[in-house]
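**Q**
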Amino acid sequence: MKITKKISLSLLCVSTLAVICQPALAVENGQESQLKSTGNVQFQQDLVTDPEENNGPLRIESVTMIDFGIVGIKGDTATYNAIYSENIKEELLNDAGSLLETNFLPLTVQTADDRGTNQGWQLQVTHSRQFTELGPDGRMSKADPAILKGAEINLSVTSVERPADKQGETTETRPSGLKQKVNLNDQVKTVVNAQVNEGMGTWQSLFGEKVSAVSSPGKDPEGNDVMIPVENEAVQLTIPGDTVKVKDVMYQGELTWILINSPETVS
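All the letters of the sequence shown, read from the start, carry residue numbers -26 to -1, 1 to 241 under mature numbering (1 follows the signal peptide of the UniProt record, and there is no 0).
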């Protein structure tokens, strides 16, 4: 059985890539969960989503958004790092309920394995739809929309850990197969591999580090004091220089996240 969750990515041509998850049902053998998510990027010169129906014993529980902030149009190939959102965070409380610490999260995919079989699993992802221009209504309603041809997402898994509400659980069964520099295209790529006797219970796969702030003081090109977004090099967007980019147009793409009910074969 297969669970697939798709994440739509939206590009506003400046550049915000936000991810909004939508529930989807298992559709193929070997897959336990599937989810689509969306995001936004805009060129000028956008939270956590939980699927409404995904109650199987092996499931993707949530995926956070991706945001690339605001970028300028360039004639050369350019790579943009994701930035952190003040809305995507975890708050650690003491026994009295007082706030101890706030961490802002990178792209985070939370999975749960309640099968009790200890068989392992794979978290996979594919860039299932290229960034495509949205109409004024925010939908894919244009008859001949512009497409960001050749745009690529690159992901690196930096860690897999227990979520804040599962800190008492063992970490000895942590998934060991974390993939780096995975270039996404229309092919399915494994990003986390939990071998037999790994990955039981609830885990968060982090694509980047947790940070204590989403911005820091800096200067703009004119020398004015501004707050500079903190960047996440584990999630990158590359757009070829010769790709046509339309100013102030919203583009939307799609990632599909898939959870397979057996580990990747390691030769």
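Beta carbons are placed, not taken as given, at the ideal position from N, Cα and C, and that holds for glycine.
#1: Keeping to the same chain, check which residues put their C-beta closer than 6 Å to that of V156; ignore five residues upstream and five downstream.
#2: What do you reckon, are the CB atoms on K116 and V131 nearer than 7 Å?
#3: Indicate whether L158 and T82 have their beta-carbon atoms separated by less than 7 Å.
#4: Taking only three categories from DSSP, how would you classify K140?
#5: Compute the Euclidean distance between the alpha carbons of M201 and A187, then round it to the nearest angstrom.
#6: As an exercise, report each continuous beta strand (DSSP E) stretch of at least 3 residues that is fully enclosed by the stretch 98 to 129, in chain order.
#7: Excluding the 5 residues flanking Q93 on each side, which residues of the same chain have their C-beta closer than 8 Å to its C-beta?
#8: Please list, in chain order, all residues of the same chain as Q19 whose beta carbon is under 6 Å from its beta carbon, the five residues on each side excluded.
#9: Taking the alpha-carbon of T91 as reference, which of G175, E196, V218 and G227 has the nearest alpha-carbon?
#10: Nearest-angstrom Cα distance between V223 and T147?
#11: Which residues does DSSP pair with A168 in a beta bridge?
**A** Concretely, from the data shown:
#1: Taking the first residue of the sequence shown as 1, we reach residue 156 at position 182. For V156, where only same-chain residues beyond five positions count, the Cβ hits under 6 Å are L129, K163 and V165.
#2: The sequence position of residue 116 within the sequence shown is 142, counting from 1. The sequence position of residue 131 within the sequence shown is 157, counting from 1. No, the Cβ-Cβ distance between K116 and V131 is not below 7 Å.
#3: Along the sequence shown, read from residue 1 onward, the residue named residue 158 stands at position 184. Along the sequence shown, read from residue 1 onward, the residue named residue 82 stands at position 108. No, these two residues do not count as a Cβ contact at 7 Å.
#4: The residue given as residue 140 occupies position 166 in the sequence shown. Helix, per DSSP.
#5: Residue 201 sits at position 227 when you count from the first residue of the sequence shown. Residue 187 sits at position 213 when you count from the first residue of the sequence shown. Straight-line Cα distance between these residues: approximately 11 Å.
#6: Whole beta strand (DSSP E) segments, 3+ residues: 126 to 129.
#7: Start at 1 with the first residue of the sequence shown, and residue 93 comes out as number 119. Answer for Q93: V170, N235, S236 and P237, listed in chain order.
#8: As a first step, residue 19 is located in the sequence shown; it is residue number 45 there, counting from the start. Low per-residue confidence applies at Q19: pLDDT is 39, beneath 50, and the placement is therefore not dependable, though the value from the model is reported in the following sentence. Counting only Cβ-Cβ distances below 6 Å, and skipping sequence neighbours, we find G46.
#9: Counting from 1 along the sequence shown, the entry for residue 91 is found at position 117. Closest by alpha carbon: G175.
#10: Reading the sequence shown from its first residue, position 249 is the one you call residue 223. Reading the sequence shown from its first residue, position 173 is the one you call residue 147. So the two alpha carbons sit approximately 45 Å from each other.
#11: Here the question's residue 168 lines up with position 194 in the sequence shown. Looking at the DSSP assignment, A168 forms a beta bridge with W95.
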